[in-house]
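This note's numbering numbers the first residue of the sequence shown as 3 and each following residue consecutively. Every residue gets a Cβ at the ideal spot worked out from N, C-alpha and C, and that includes glycine. Bear in mind that the values here come from a model prediction, so they are computed numbers and not experimental data.
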Amino acid sequence: IIRNLILGSNYIQSHILHFFHLAALDYVKGPDMPPFTPRYEGDYRFPDDVNQQVVGTYLKALQMRRKAHEMVALWGGKMPHQQAIVPGGVSEVPDSQKIAEFLFRLQELQAFIDNEYIPTVKAVAEVYPDYWDIGRGCMNFLSYGAFPLEEGMDHVKKNKLFPSKVYVNGQLADLDIEVIDEAVKYSWYEDDTGGKKPTEAVVKPNPAKKNAYSFIKAPRYNGAPMEVGPLARMYVMGDETITSLGEKAFSVLGRHLARALECSLVAKNLAEWVQQLEIGQPVCTPHKIPSSAQGVGLTEAPRGALGHWNRIEHQRTAIYNAIVPTTWNLSPRDDQDQMGPMEQALIGTPVADPNNPIEVVRVIRSFDPCLACAIHVMTPDKKTISRCQVG
């Protein structure tokens, strides 16, 4: 339960951060002063009074994020970079004061999400309706699942708030992690490292590799590119608001709406989970490192599917590989020359001014890319035409 509280609180702060502080200013014009400038100039469509109201919500969202950080810190020790999760459980012991402080902050955040965050996203959708048809992507979804509701070692099979599912070629199916591998044909790694399972892949960088254009590998699910994140989670769990959108769900606005609705859903479940805590009960099961073992850890970070694969030999790490959400979403072409999800989403995006590509930035930011990964915008002959700041 405590791990769910930590992760769920981080979902709330991350989703508020993404929409208001990383994406909203692509649609809302802030004051002509830092931190709102410098910026790409958009076709801002809100009336001045509504625009000013949303700017005010942008500032309020900073305070809301602080409260969500405090919620994480109550159970995680600190935020960012919580340090309370340990093998076998957590190190933080619940008491009545922590539970009360958590609920107090959560109630305020729930009100902000339902009364300001979601309405702001819907307001953007009303004045930018064309973005229901922009940023389509690969139209395949993957979710490892998150927030377990029962004990058990098999993450995929156990009951969770977000199920372990995939949506491929129009069909919903159970997740099978054995069909995940990574291609490197267009990545700066030696060719013999491609096509391997995460349990056996090794990293051999080759920055001089011909035709390569990214340090991101190309993870594929049974050969298919997969989008991950809030839209994927809400779609495969069958959220009626999202699935009823039909193909319009696969869009820039579909991603923003799914993230906002998911934020509210997680907050409501946090209120139930925190009241299930039993004061004085153990919070960690003793754990010993085996001499040799192989394992996989799966969860859903706010940005999407996160998997860590490792192998231990003689109590030492022999192989450790991670496929993170942005690796899925921003992957380059694979061995079959299939483009990654965001590459496909960018195809056909109308750009009014190539020197001010606000439309491109809107598509990119809808995926909530991690800037610690790699982002490349190039022409076919590999000459950089412009550098786009996306964070």
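Quickly, what does DSSP pair residue i with across the bridge? List them, please.
| i | result |
| --- | --- |
| Gly-240 | None, per the DSSP bridge assignment. |
| Pro-207 | Tyr-191 |
| Asp-183 | Arg-222 |
| Asp-176 | Lys-167 |
| Asn-323 | Trp-311 |
| Ala-148 | Phe-164 |
| Gln-296 | Arg-313 |
With 16 other CB atoms within 10 Å as the buried threshold, where does residue i fall?
| i | result |
| --- | --- |
| Ala-210 | exposed |
| Gly-393 | Here Gly-393 scores only 46 on pLDDT, less than 50, and its place in the model should not be relied on; the value that follows carries that caveat. That one is exposed. |
| Ala-307 | buried |
| Asp-34 | exposed |
| Glu-315 | exposed |
| Glu-274 | exposed |
| Ile-14 | buried |
From residue i to residue j, what does the alpha carbon distance come to, in whole angstroms?
| i | j | result |
| --- | --- | --- |
| Ile-179 | Gly-297 | 12 angstroms |
| His-258 | Arg-318 | 42 angstroms |
| Phe-149 | Asn-6 | 6 angstroms |
| Asn-224 | Ile-349 | 23 angstroms |
| Gly-32 | Ala-234 | 31 angstroms |
| Tyr-1 | Pro-89 | Residue 1 falls outside the range modelled here, since the chain spans only 3 to 393, and no answer is possible. |
| Ile-182 | Arg-222 | 6 angstroms |
| Pro-165 | Trp-330 | 18 angstroms |
| Glu-242 | Tyr-42 | 35 angstroms |
| Val-362 | Thr-351 | 7 angstroms |
| Pro-40 | Ala-75 | 33 angstroms |
Just to confirm my understanding: we take residue i, look at its own chain, exclude 5 residues before and 5 after, and list those with CB closer than 8 angstroms. What are they?
| i | result |
| --- | --- |
| Val-56 | Ala-26, Val-30, Phe-48, Thr-122 and Ala-125 |
| Leu-151 | Lys-160, Asn-161, Lys-162 and Leu-163 |
| Gly-154 | Lys-160 |
I think residue i touches residue j, with their Cβ atoms under 8 angstroms apart; what is that distance to the nearest whole Å?
| i | j | result |
| --- | --- | --- |
| Ser-368 | Val-205 | Not really, about 29 angstroms apart at Cβ, beyond 8 angstroms. |
| Gly-196 | Asp-337 | 7 angstroms |
| Ile-321 | Glu-184 | Contact doesn't hold; Cβ gap of about 13 angstroms is too wide. |
| Ile-4 | Val-285 | 6 angstroms |
Within a Cβ cutoff of 6 angstroms, which residues of the same chain sit near residue i, ignoring the five residues on either side of it in sequence?
| i | result |
| --- | --- |
| Phe-114 | Met-66 |
| Gln-109 | none |
| Val-52 | none |
| Ala-262 | Tyr-119, Ile-120 and Val-123 |
| Gly-78 | Ile-8, Gln-84 and Ala-86 |
| His-310 | Gly-299 and Ala-324 |
| Gln-346 | Gly-139 and Cys-140 |
Taking 7 angstroms as the limit between beta carbons, can you name the residues of its chain near residue i, skipping five residues before and five after?
| i | result |
| --- | --- |
| Phe-252 | Arg-138, Gly-139 and Met-141 |
| Arg-305 | Gly-231, Pro-327, Thr-328, Asp-370 and Cys-372 |
| Lys-69 | Arg-107, Glu-110 and Leu-111 |
| Leu-64 | none |
| Gln-278 | Ile-3 |
Going by the C-beta, is residue i closer than 7 angstroms to any heavy atom of the ligand MN?
| i | result |
| --- | --- |
| Leu-105 | Although the ligand MN was asked about, the structure shown includes no ligands whatsoever. |
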